[in-house]
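Asks: Residue numbers (the working numbering): 54 to 356.
Pasting a structure here, questions to come.
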């Protein structure tokens with residue numbers, strides 16, 4: 054059974070902005086569960102090592118930057134290390150262990166929910182990229198096979214509720230440059246969501262399992278083509294809240310130190326009661342808060 058109340062912290066694209074200070078801030082916040090949407094850095098093994106020491110239940114998925122020097126021929130040519138001697142993607146996966154849910158699932162029996170991962174290392178969009186990487190590492194050759202892998206992860210979930218955790222969001226959240234997964238570079242516009250993730254979410258719904266939350270990053274809140282507004286951060290579809298957590302940068306300088314951003318989602322009786330983006334001190338004190346969503350009764354996103 055889902056717990057009566059559950060506080061979830063979602064960590065947007067890290068891009069090297071993580072240290073033990075962030076671990077301590079999270080622990081001081083007193084959250085129950087932490088979800089990482091990936092892009093820890095360009096195969097930033099030491100960042101992942103630090104995260105692996107977190108003393109709170111967590112799940113994570115690798116982003117495209119987490120295979121930056123491995124997934125594509127272009128990236129491999131730029132690698133600052135010898136692939137014959139090191140596999141830094143695998144090093145990250147080894148550090149995360151069962152917490153990495155890409156093409157998989159982590160069941161949290163204490164919380165009555167299963168976290169299903171999206172496609173690891175996704176660049177987003179409708180095209181199948183990095184064919185050799187996915188074929189060799191995962192035995193996946195196209196978007197259809199990728200969707201099948203994600204649906205198999207849904208089938209392996211043992212708990213009554215599903216949360217989807219992906220690097221890039223699903224197809225179907227809008228095709229404007231300002232949309233949650235909208236393309237904000239030239240040519241502007243188009244839905245850059247992952248169709249295989251959408252297929253898995255649909256599969257979960259057909260099983261009748263509640264899906265209160267789908268969270269992801271990749272498409273940064275700050276738009277490339279305009280500065281007068283941010284990207285749409287959230288969407289709602291039925292019982293499901295879709296939350297883009299890609300606040301970048303996630304650490305900023307402040308008088309006397311630094312402020313660190315997290316997205317906080319509160320589940321009450323298995324439904325999202327509220328979502329907010331907070332900035333905290335290294336001691337976990339909230340110094341700024343941006344409401345994103347309130348209870349289903351109000352039913353309207355604030356951004």
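Just so you know, even glycine gets a beta-carbon here, dropped at the ideal spot from N, CA and C.
No experiment lies behind these values; they were computed from the predicted model shown.
#1: Identify the continuous beta strand (DSSP E) that holds residue 168 and give its terminal residues.
#2: Does DSSP put residue 127 in a helix, in a strand, or in coil?
#3: Let's see if you can read the secondary structure: which residues bound the beta strand (DSSP E) around residue 120?
#4: Going by DSSP, which residues form a beta bridge with residue 238?
#5: Could you pull the start and end residues of the alpha helix (DSSP H) that residue 199 belongs to?
#6: Which residue from 141, 250, 330, 163 puts its Cα closest to that of residue 200?
#7: So, with DSSP's three-state summary, where would you put residue 76?
#8: Can you tell me where the alpha helix (DSSP H) holding residue 248 begins and where it ends?
#9: In three-state terms, what does DSSP make of residue 286?
#10: For a test of the three-state rule: what should DSSP assign to residue 299, helix, strand or coil?
#11: By Cβ distance, which residues of its chain are closer than 6 Å to residue 146, with the 5 residues on each side in sequence left out?
#12: Use the C-beta contact count for residue 64: other C-beta atoms within 10 angstroms, 16 or more gives buried, fewer gives exposed.
#13: So residue 342 is in the beta strand (DSSP E); what residue range does that whole segment cover?
#14: Let me check understanding here. Comparing Cα to Cα, which of 101, 161, 105, 62 lies closest to residue 337?
Replies: In short:
#1: The residue given as residue 168 occupies position 115 in the chain shown. It spans 166–170 - the beta strand (DSSP E) in which residue 168 sits, taken as one unbroken run.
#2: On the chain shown, residue 127 is found 74 positions in, with the first residue counted as 1. In the structure shown, residue 127 sits in a helix (DSSP, three-state: H, G or I).
#3: Within the chain shown, numbered from 1, the residue matching residue 120 stands at position 67. Element bounds for residue 120: n/a, residue is neither H nor E.
#4: Here residue 238 is taken as the residue at index 185 of the chain shown, counted from 1. For residue 238, which the question treats as bridged, DSSP gives no partner whatsoever.
#5: Counted from its first residue, the chain shown places residue 199 at position 146. Here the alpha helix (DSSP H) through residue 199 covers 196–208.
#6: Numbered from its first residue, the chain shown carries residue 200 at position 147. Of 141, 250, 330, 163, the residue nearest in Cα terms is 250.
#7: Stepping through the chain shown from its first residue, residue 76 is reached at position 23. Three-state result, residue 76: helix.
#8: Within the chain shown, the letter at position 195 stands for residue 248. Unbroken alpha helix (DSSP H) run through residue 248: 248–259.
#9: Within the chain shown, residue 286 is the residue found at index 233, counting from 1. Residue 286 falls in the coil class under three-state DSSP.
#10: Indexing the chain shown from 1 puts residue 299 at position 246. Coil, per DSSP.
#11: Position 93 of the chain shown, counting from 1, holds the residue named residue 146. Excluding positions up to five away in sequence, the list reads 153.
#12: Position 11 of the chain shown, counting from 1, holds the residue named residue 64. Classification of residue 64: buried, given that the 10 Å Cβ count is 16 or more.
#13: Within the chain shown, numbered from 1, the residue matching residue 342 stands at position 289. Per DSSP, residue 342 belongs to the beta strand (DSSP E) from 339–347.
#14: Indexing the chain shown from 1 puts residue 337 at position 284. For the residues 101, 161, 105, 62, the minimum Cα distance to residue 337 belongs to 62.
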